[in-house]
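I have placed the structure first, in the form of structure tokens, so that the comments after it can refer back to it.
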Amino acid sequence: MPKRSPMAALVGALDRPQDPITLDETDMALLRELAADSRLSQRALARQINMSAPAVAERIARLERLGVIKGYSVEVDWDRLGFDVVVYMPITLDSGSDLAPTLEGFRQIAELEELTVTTGQYDLLARFRLSGHGHLRELLLDRLWQIPNVKRIETMLSLGSLVSESYTRRVLSMSDSNEKLAND
-13 MPKRSPMAAL VGALDRPQDP ITLDETDMAL LRELAADSRL SQRALARQIN MSAPAVAERI
47 ARLERLGVIK GYSVEVDWDR LGFDVVVYMP ITLDSGSDLA PTLEGFRQIA ELEELTVTTG
107 QYDLLARFRL SGHGHLRELL LDRLWQIPNV KRIETMLSLG SLVSESYTRR VLSMSDSNEK
167 LAND
């Protein structure tokens, strides 16, 4: 029996895209304001977009129910906290194995910022935030290579970021995308 591709085993683990929803200009204005400052009160938001606070509250609750607003967060400057090394790791997995323990192994690593299933030469692309080269060595030798089904790892160190503004803020502020999102 031929071995299955690791990609076939990852199918059940992926988040499935949901159907897009239609947003009007008021929804987009709310999202832009919240993307700029998620700590704004409903009263302040209402003043910014010329609506009543109860109407803003209803809109926000609707956007939360629809899953458009997934949560509110704080943006941390990890460099200031000593986690100034960003490492990207393209990863190849063994074929035909149970990937549940593999995925659980990755989920146990607190320094993992993102794990993406990719097409092409690699199966996964992982991004880690670390405190230095000793931390990288420990991560690779003591933890990553201990995860079942990991066949090959490459390591790419980030030298710095060229785009630092929030993706959400950038996309919501683009007039073409606003029109597309509002009119779809």
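Under our numbering, the residue at position 119 of the sequence shown is numbered 105, and the numbers go up by one with no gaps. Think of the CB as a built atom: it goes at the ideal place given N, C-alpha and C, for glycine as much as any other residue.
Quick one: what does DSSP say residue i is sitting in, helix, strand or coil?
i    : result
I35  : helix
V72  : strand
V62  : coil
V149 : coil
L127 : helix
T102 : strand
A41  : helix
R113 : strand
If I measure Cβ to Cβ from residue i and keep anything under 6 Å in the same chain, skipping five residues before and after, which residues do I get?
i    : result
T102 : L111
Y58  : S24
L49  : I55
Within the same chain, show all residues whose beta-carbon is closer than 8 Å to that of residue i, passing over the 5 residues directly before and after it, in chain order.
i    : result
T88  : L79, I133, P134, N135, V136
A32  : S38, A39, A41, V42
H119 : V71
H121 : V71, E97
I7   : L52, V54
Taking the beta strand (DSSP E) that residue i belongs to, which residues open and close that run?
i   : result
V54 : From DSSP, V54 is part of no beta strand (DSSP E); its letter is neither H nor E.
R2  : Neither: R2 is in no beta strand (DSSP E) and is coded neither H nor E.
So, using beta-carbon positions, are residue i and residue j closer together than 9 Å?
i    : j    : result
Q34  : I46  : no
R138 : G91  : no
L158 : R51  : no
Y153 : R113 : no
R115 : E97  : yes
G68  : Q4   : no
I95  : L125 : yes
Y108 : E140 : yes
V149 : R156 : yes
Just to confirm the assignment, what range does the alpha helix (DSSP H) spanning residue i have?
i   : result
Q22 : First, the amino acid is wrong: residue 22 is Ala here, not Gln. First-last of the alpha helix (DSSP H) with A22: 11 to 22.
R93 : 86 to 93
Is there a Cβ of chain B sitting closer than 9 Å to that of residue i, yes or no?
i   : result
M14 : In the structure shown, chain B cannot be found, because there is only a single protein chain.
How long is the line joining the alpha carbons of residue i and residue j, rounded to whole angstroms?
i    : j    : result
L143 : T105 : 21 Å
R2   : E100 : 17 Å
Between residue i and the rest of its own chain, which residues show a CB-CB distance below 7 Å, the 5 nearest in sequence each way excluded?
i   : result
V72 : R113, R115, S144
A21 : S152, T154, R155, L158
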